[in-house]
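The structure appears right after this line, and notes come after that.
Quick look at the structure:
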């Protein structure tokens, strides 16, 4: 906006310096007798148009000085947009590295804890997820405690396909912590085959195609490992509708 403001003032100056000798954009727009803020509004509009588009043709440079200034304006606009994009990419990289560094630091701190304290920390952090799950409401705290070490945290950027009908992750149970995902009957964005949108709090164990609209963080439990843990606890029994719940 600041660059646009400067060039808007410059365009008004250029349009007024030689009105007696040659035609200017101000005369073509028939605003030479208008108040200053009307002229500024037209000038600002013209600057924004030539910066972000190829122009609409309603206001045009009418002499050589204005043509040169128009070219300079477009070149500087390209440089500004390129600089902004570079800064954006740098900030994205910085925050990605910062987030990765924090996760590595968190992992180092957790690894320094004793085994019992680490287990208790994982239990407190993930117990809420399992306790609020429809599947695990049928199990005791013993099985839930044995299941917690099986949880694997995963992060996905937007627009990535998580699984499909042939994926080797289809036997996993997913718990969405943050973000949302779309479930499709087939992975074709050109077709309207969206079945549903899942967000935080939903469980997903579907063979449908899944695609994310926003960056997502989720926990995953491998179903085969869970069944092995469950079979080792003689006091636990899967409900009769286990298959229905897991599907």
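Numbering (mature numbering (1 follows the signal peptide of the UniProt record, and there is no 0)), first residue to last: -19 to -1, 1 to 228. All residues carry an ideal CB built from backbone N, CA and C; glycine is no exception. All values reported here derive from a predicted model rather than from experimental measurement.
- Checking the DSSP bridge columns, you'll see residue 43 has no partner listed.
- Between residue 65 and residue -17, the gap from beta carbon to beta carbon reaches 8 angstroms or more.
- Collapsing the DSSP output to three states places residue -4 in a helix.
- Boundaries cannot be given for residue 114, as no beta strand (DSSP E) includes it and DSSP labels it neither H nor E.
- Within 10 angstroms of the beta-carbon of residue 47 lie 16 or more other beta-carbons, which makes it buried.
- In this structure, DSSP gives residue 164 an extended state, which the three-state scheme calls strand.
- Apart from the 5 residues on each side of it in sequence, residue -5 sits with its Cβ closer than 7 angstroms to the Cβ of 5, 6, 7 in its chain, given in chain order.
- DSSP places residue 94 outside both helix and strand once states are collapsed to three, so it counts as coil.
- In the structure shown, residue 55 adopts helical secondary structure according to DSSP, grouped into three states.
- Look at residue 144 here: in three-state DSSP terms it is coil, with no helix or strand label.
- Here residue 117 is not near residue 123, since their CB atoms are 8 angstroms or more apart.
- Our two residues, residue 141 and residue 43, have alpha carbons roughly 50 angstroms apart in a direct line.
- Residues -12, -8 of the same chain have their beta carbon placed closer than 7 angstroms to that of residue 21, with the five preceding and five following residues left out of the count.
- Scanning its chain for C-beta atoms nearer than 8 angstroms, with the 5 sequence neighbours on each side dropped, one finds around residue -15 the residues 25, in chain order.
- Residue 131 holds the alpha-carbon nearest to the alpha-carbon of residue 154 among 131, 11, 91.
- For residue 179, the uninterrupted beta strand (DSSP E) run begins and ends at 175 to 180, by DSSP.
- Following the DSSP letters along the chain, one finds residue 132 in no beta strand (DSSP E), marked with neither H nor E.
- Residue environment analysis places residue 23 among the buried positions, since at least 16 neighbouring C-beta atoms fall within 10 angstroms of its C-beta.
- Per DSSP, residue 158 is one residue of the beta strand (DSSP E) stretching across 153 to 159.
- Each of 143, 77, 158 was checked against the Cα of residue 111, and the nearest Cα belongs to 158.
- Counting along the chain, no alpha helix (DSSP H) covers residue 119, and no H or E run does either.
- Residue 166 has its alpha-carbon roughly 45 angstroms from the corresponding atom of residue 93.
- When the beta-carbon positions are compared, residue 156 and residue 114 come within less than 8 angstroms of each other.
- Residue 52 and residue 18 have their alpha carbons spaced roughly 25 angstroms apart.
- Annotation: the continuous alpha helix (DSSP H) that includes residue 20 extends over 17 to 33.
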